[in-house]
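Protein chains: 2
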Amino acid sequence: MTDEATAFVPGHLTGFFSAHPDADPSAAGSRGAGVTLSHGVDVRVERGGHGGHPALVTLNGDPVAIDAVAGVRDALDATDAAVTAETPLPLGAGFGVSGALALGAAYGINAAYERRRGENDLVSIAHCAEVEAGTGLGDVVAQARGGLPIRLDPGDPDHGRLDGIPAAPRVEYVTFGSVSTEAVLSGDTTRLTAAGERALADLRGEPTPSRLVELSRRFAREADLLTDRVADAIGSVREGGDDATMAMLGDTVFGFGTALSDAGYDPEACGVHPAGATLRARDGGSRHTRAGDDE
Amino acid sequence: MTDEATAFVPGHLTGFFSAHPDADPSAAGSRGAGVTLSHGVDVRVERGGHGGHPALVTLNGDPVAIDAVAGVRDALDATDAAVTAETPLPLGAGFGVSGALALGAAYGINAAYERRRGENDLVSIAHCAEVEAGTGLGDVVAQARGGLPIRLDPGDPDHGRLDGIPAAPRVEYVTFGSVSTEAVLSGDTTRLTAAGERALADLRGEPTPSRLVELSRRFAREADLLTDRVADAIGSVREGGDDATMAMLGDTVFGFGTALSDAGYDPEACGVHPAGATLRARDGGSRHTRAGDDE
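Chains as they are written, first to last, in UniProt numbering: chain H, 1 to 295; chain C, 1 to 295.
Structural data, given as structure tokens:
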């Protein structure tokens, strides 16, 4: 019997979004669009052994508190699940790391504890935990899909339809620091949401990578979210005739192809991740040997 | 400017299904569940040069007529698109090769002809073309999703919700020959559909790989679709304590792990494909350099 499992969850850069609060967390969320990354988070779950705070996980060797993980442990009745994660992505810089930890914990617990839930259930559990923690609105559903996700409706898989941009560009990004998602989402989001709705309507008319960057840049300016360092970087990239935009929400600039390296930056580079969150094959592969209660 | 593009579309083994015809092909389709495969179809589209029958494609070097591809060429106004495909999978044996050709042609034409459609649009076009050709009901939407897809509703992405089994088992399969999808779908599907609905309800209660195989095997027997050779193979596998079932619709047996090799067969083996149809990165990657009409 397997008592551990590892899931990979892609990072997610949000380009633009609108906020849609709701008393029901499964219906709350955001609309918008972004980029899932081949850089992501490996989340390993071991059955038993965790006796600390329900939000605690080990991230790149250090203990950190991720409130959304506490919600997932609770929803799947696995408060003793040990969660250990490794990632090259920074926390709090707009890469959806907290969403990835929540979603990876849900997939890992489901396998290690044989909870026999379907993927939509697991995504819903992680989405609701992230919404209730106030750390994100749309990362989890995007990270469950992969590609270049367009979130047409807010909410979990029972509420929110998704679409995608059919392309797989190279991605470059540079992180200067953190922006507090909680602080932005708990403030007045009226202007932000109006700008996000405009960007979504325009992207649906022309769902291409270059249009995503252009509309995201317009959104960042209209929502007044641009940091000085990101604004400088975007200016440098555009002087060279290319384009870049800001990750929502982090002090992070990203673009496609060689947008940032051509402008003299030394960016991290990765690909678009074609798939959503997945169990590592070793765990899934071992599952077939159980089962088979006869008809 | 890119005038060619290549898409990869995973193969799809349907385990069980129910048929839901509708005068509107976007609402028509099937419910059911199956397995997408890392063995799939590479579909290359070149702009211009095709002057033959609108259904003709080159498959593993040979000209074949795939009616669904004619529908895709027509819907995307690209009747001169040359479509060349390579696959290790047999045609007509239950692997969704015709659906893969339709979906890959849609993705490839969209990129090579700069049609700027979103993924849902492309999936809908391929789904409708496949339904109208009578060669499949649910392969296209499953192949656009990847994983172990559960089709909760019939129809294209605007109509049909999907779920998935969170696992990634190794897959083994042996093909003995063809079964005509058109002949089965054009006959009385009442009994088949009742059996498929029962299997779906039961799988939703326990969405695991082993339950998928078990319920698919029950479906094949209840729907009276088992071929002699598949029935023999399933018998051999079950004598050894493992399980296997039939691909819908083909004279093909499949199982997870080492189910078929342990029973003495010499199966093909592959993995579950974690992603749906995707453009090969070269094409997607080149797209960012276009565009950027300024605000």
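Yeah, the Cβ is synthetic: ideal placement off N, Cα and C, and Gly gets one too.
Coarse secondary structure for residue i, derived from DSSP in three states
i	result
Arg115/C	coil
Tyr265/H	coil
His20/C	strand
Glu130/H	helix
Thr252/H	strand
Ile109/C	helix
Arg170/H	strand
Ala33/H	strand
Leu13/H	strand
Val219/C	This sequence places Phe at residue 219/C; Val is not what is there. Helix.
Ala291/C	Because the pLDDT at Ala291/C is just 34, under 50, the model does not fix this residue reliably, and the point stays unresolved.
Glu4/C	strand
Asp42/C	strand
Thr193/H	helix
residue 316/H	Outside the modelled stretch of chain H, which goes from 1 to 295, sits residue 316/H, for which no answer is possible.
Leu137/C	coil
Ala175/H	The sequence given here places Thr at residue 175/H; Ala does not occur at that position. Correct three-state label for Thr175/H: strand.
Pro149/H	strand
Arg280/H	coil
Asp163/H	strand
Leu89/C	coil
Pro209/C	helix
Ala70/H	helix
Leu59/C	strand
Ala259/H	helix
Ala75/H	helix
Ala81/H	strand
Ala65/H	strand
Gly96/H	coil
Ala275/H	coil
Thr104/H	Sequence inspection shows Gly at residue 104/H; the Thr mentioned does not correspond to that position. Helix.
Thr245/C	strand
Gly235/C	helix
Beta carbon of residue i nearer than 7 angstroms to that of residue j
i	j	result
Val72/H	Ala129/H	yes
Ala142/C	Gly34/C	yes
Thr245/C	Ser18/C	no
Thr87/H	His273/H	no
Ser26/H	Gly138/H	no
Asp80/H	His50/H	yes
Gly136/H	Gly99/H	yes
Thr252/C	Gly134/C	no
Ala75/C	Ile66/C	no
Val237/H	Gly257/H	no
Arg151/H	Leu162/H	yes
Ala112/C	Glu4/C	yes
Asp242/H	Val213/H	no
Leu89/H	His20/H	no
Pro149/C	Gly160/C	no
Supposed close pair residue i, residue j - CB separation, criterion 8 angstroms
i	j	result
Val43/H	Ala105/H	6 angstroms
Asp156/C	Ser124/C	4 angstroms
Leu279/H	Pro166/C	6 angstroms
Ser178/C	Gly250/C	6 angstroms
Ala7/H	Glu46/H	In fact, because the Cβ distance is near 13 angstroms, the residues do not count as touching under 8 angstroms.
Arg191/C	Thr208/H	So it is not a contact: roughly 47 angstroms between Cβ atoms.
Arg204/C	Gly276/H	That pair is no contact at about 20 angstroms.
Leu13/H	Ala247/H	5 angstroms
Ala168/H	Gly271/H	7 angstroms
7 angstroms Cβ cut-off: residues of chain D touching residue i
i	result
Gly146/H	Chain labels in this structure do not include chain D; the protein chains are H and C.
Inspect the CB distances between the stretch 163-182 of chain H and the stretch 224-238 of chain H and report whether three or more fall short of 8 angstroms.
By the Cβ test, the stretch 163-182 of chain H is in contact with the stretch 224-238 of chain H, since at least three Cβ pairs between them sit closer than 8 angstroms.
Within 8 angstroms of chain H by C-beta, residues of the stretch 57-72 of chain C in sequence order:
Correct list: empty, as no residue qualifies.
Three or more beta-carbon pairs under 8 angstroms between the stretch 53-63 of chain H and the stretch 212-224 of chain H, yes or no?
No, the stretch 53-63 of chain H does not touch the stretch 212-224 of chain H.
Segment contact, 8 angstroms Cβ cut-off, at least three pairs: the stretch 262-270 of chain H with the stretch 190-198 of chain H:
With fewer than three CB-CB distances shorter than 8 angstroms, the stretch 262-270 of chain H does not count as touching the stretch 190-198 of chain H.
Between the stretch 150-173 of chain C and chain H, which residues of the former have CB atoms less than 9 angstroms from a CB of the latter, in chain order?
Contact annotation: in the stretch 150-173 of chain C, residues whose CB is within less than 9 angstroms of a CB in chain H are Ile150, Leu152, Pro157, Asp158, Arg161, Leu162, Asp163, Gly164, Ile165, Pro166, Ala167, Ala168, Pro169 and Arg170.
Quick one: which residues of the stretch 264-280 of chain H get their C-beta closer than 9 angstroms to a C-beta of chain C? List them in chain order.
Taking 9 angstroms as the Cβ-Cβ cut-off, the stretch 264-280 of chain H approaches chain C at Gly271, Val272, His273, Pro274, Ala275, Gly276, Ala277, Thr278, Leu279 and Arg280, given in chain order.
Select from the stretch 190-208 of chain C all residues with a C-beta closer than 8 angstroms to any C-beta belonging to chain H, and list them in chain order.
Correct list: Arg204, Glu206, Pro207 and Thr208.
Near-chain C residues of the stretch 98-119 of chain H (beta-carbon distance less than 8 angstroms), N- to C-terminal order
Cβ contacts with chain C: Tyr107, Asn110, Ala111, Arg116, Arg117, Gly118 and Glu119.
Given a limit of 8 angstroms on CB to CB distance, which residues of the stretch 122-144 of chain H reach chain C?
Residues passing the 8 angstroms Cβ filter: Leu122.
Can you pull out the residues from the stretch 17-30 of chain C whose beta carbon lies closer than 9 angstroms to at least one beta carbon of chain H?
Of all residues in the stretch 17-30 of chain C, none has a Cβ within less than 9 angstroms of some Cβ in chain H.
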